[in-house]
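Trainee: Same order as they appear, the protein sequences are chains X and D.
Numbering follows my numbering, in which position 6 of the first sequence is assigned residue number 942; successive positions increment by one, without gaps.
Numbering follows my numbering, in which position 51 of the second sequence is assigned residue number 343; successive positions increment by one, without gaps.
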Amino acid sequence: ETGVTQSPTHLIKTRGQQVTLRCSSQSGHNTVSWYQQALGQGPQFIFQYYREEENGRGNFPPRFSGLQFPNYSSELNVNALELDDSALYLCASSTAAIAKNIQYFGAGTRLSVL
Amino acid sequence: QKEVEQDPGPLSVPEGAIVSLNCTYSNSAFQYFMWYRQYSRKGPELLMYTYSSGNKEDGRFTAQVDKSSKYISLFIRDSQPSDSATYLCAGGGNEKLTFGTGTRLTIIP
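1. If you run the structure through DSSP and keep just helix, strand and coil, what is D358 (chain D)?
2. So S1048 (chain X) and I948 (chain X) are supposed to be a Cβ contact under 8 Å. How far apart are they, rounded?
3. Mind pulling the chain X residues with CB within less than 8 Å of K388 (chain D)?
4. Select from the region 998-1018 of chain X all residues with a C-beta closer than 9 Å to any C-beta belonging to chain D, and list them in chain order.
5. Would you please verify whether the beta carbon of T398 (chain D) is less than 8 Å from any beta carbon of chain X?
6. K1036 (chain X) and Q984 (chain X) - do their beta-carbons sit closer together than 8 Å?
7. DSSP puts K294 (chain D) in a beta bridge; with which residues?
8. Just how far apart, CA to CA, sit G383 (chain D) and F1000 (chain X)?
9. What is the rounded straight-line gap between the Cα of Q986 (chain X) and the Cα of I368 (chain D)?
10. Is K334 (chain D) close to chain X, meaning its C-beta is less than 8 Å from at least one C-beta of that chain?
11. Quick check: is the beta carbon of T342 (chain D) nearer than 8 Å to any beta carbon in chain X?
12. I need the straight-line Cα distance from S365 (chain D) to Q953 (chain X), nearest angstrom please.
13. Assuming T941 (chain X) is part of the beta strand (DSSP E), what are its boundary residues?
14. In whole angstroms, what separates the C-alpha of E988 (chain X) from that of F1041 (chain X)?
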């Protein structure tokens, strides 16, 4: 177990709704990255948070937004859900003291958009 | 062209065989190279990482990176049925990781 926890594990939403996914990072880690993994594909980078600031963003529209809290936990918010948003959403934590991209993943939140 | 290319398989080998998994990448800025193992409906588990070129060994697993040819390899010795999973390679600079599509591996008892 990595110590990275995500909630909820599964979620079903309808098109146009909004969703919030949550992540608690591993103890001692100050950086959180979010990825989207479609079925049969590798994870795609959404964004990264370090010291409560966005620290890099992938090719995702602004309706994907996030937050990092002082305890380093994080949220991913997706507005105006589309059918193609159905995927496994993965949170990964790391520490800048070693390297931000030596990342440890949680089990993910499986989102289904109907 | 994708930044990280990986043969999706599927790959089936008998128990005890040596498994070779490979990726190529195109981004010269990559400094970190990772291998993750992902079981069905689970999150990726970090197996090994390498900084820059070279080899790294951990038990039955060996990771190799050749930056001159932009080639990443993972070798699994004495493969076990529990090694059956999808293996993801990834490269990165300072922040994000860029993943291949994953290779689905099955070890046949």
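Virtual Cβ for every residue (Gly too), placed ideally from N, Cα, C.
Note that the coordinates shown come from a computational prediction; the quantities given were computed from them, not determined experimentally.
Mentor: In this structure, then:
1. As a first step, residue 358 (chain D) must be located in the second sequence, where it is residue number 66. Looking at D358 (chain D) - three-state DSSP - the assignment turns out to be strand.
2. One-based indexing of the first sequence puts residue 1048 (chain X) at position 112. One-based indexing of the first sequence puts residue 948 (chain X) at position 12. Cβ-Cβ separation between S1048 (chain X) and I948 (chain X): approximately 5 Å, consistent with a contact (criterion under 8 Å).
3. Here residue 388 (chain D) corresponds to residue number 96 of the second sequence, with the count starting at 1. By Cβ distance, chain X contributes S969, F981, Q984, G992, G994 and N1037.
4. For chain D, none of the residues of the region 998-1018 of chain X brings a beta carbon within less than 9 Å of one of its beta carbons.
5. Residue 398 (chain D) sits at position 106 when you count from the first residue of the second sequence. Answer no: the Cβ-Cβ gap between T398 (chain D) and chain X never drops below 8 Å.
6. Translated into positions along the first sequence, residue 984 (chain X) becomes position 48. Translated into positions along the first sequence, residue 1036 (chain X) becomes position 100. If you check the CB distance, Q984 (chain X) and K1036 (chain X) come in under 8 Å.
7. For this step, residue 294 (chain D) is matched to residue 2 along the second sequence. Secondary-structure assignment with DSSP links K294 (chain D) through no beta bridge to anything.
8. Translated into positions along the second sequence, residue 383 (chain D) becomes position 91. Translated into positions along the first sequence, residue 1000 (chain X) becomes position 64. If you take the alpha carbons of G383 (chain D) and F1000 (chain X), they lie about 24 Å apart.
9. For the purposes of this step, residue 986 (chain X) is identified with residue 50 of the first sequence, where counting begins at 1. For the purposes of this step, residue 368 (chain D) is identified with residue 76 of the second sequence, where counting begins at 1. Sequence check: residue 986 (chain X) is Tyr here, not Gln. So the two alpha carbons sit approximately 35 Å from each other.
10. Translated into the one-based positions of the second sequence, residue 334 (chain D) becomes position 42. Under the 8 Å criterion on CB atoms, K334 (chain D) is classed as interfacial with respect to chain X.
11. Looking up residue 342 (chain D) in the second sequence gives position 50. No, T342 (chain D) does not count as interfacial toward chain X.
12. The residue labelled residue 365 (chain D) in the question sits at position 73 within the second sequence. The residue labelled residue 953 (chain X) in the question sits at position 17 within the first sequence. Those two C-alpha atoms are separated by around 42 Å.
13. Taking the first sequence and counting its residues from 1, one reaches residue 941 (chain X) at position 5. DSSP places T941 (chain X) in the uninterrupted beta strand (DSSP E) bounded by T941 to S943.
14. Sequence index remark: in the first sequence, residue 988 (chain X) carries index 52 (1-based). Sequence index remark: in the first sequence, residue 1041 (chain X) carries index 105 (1-based). If I take the Cα positions, the gap works out to 19 Å.
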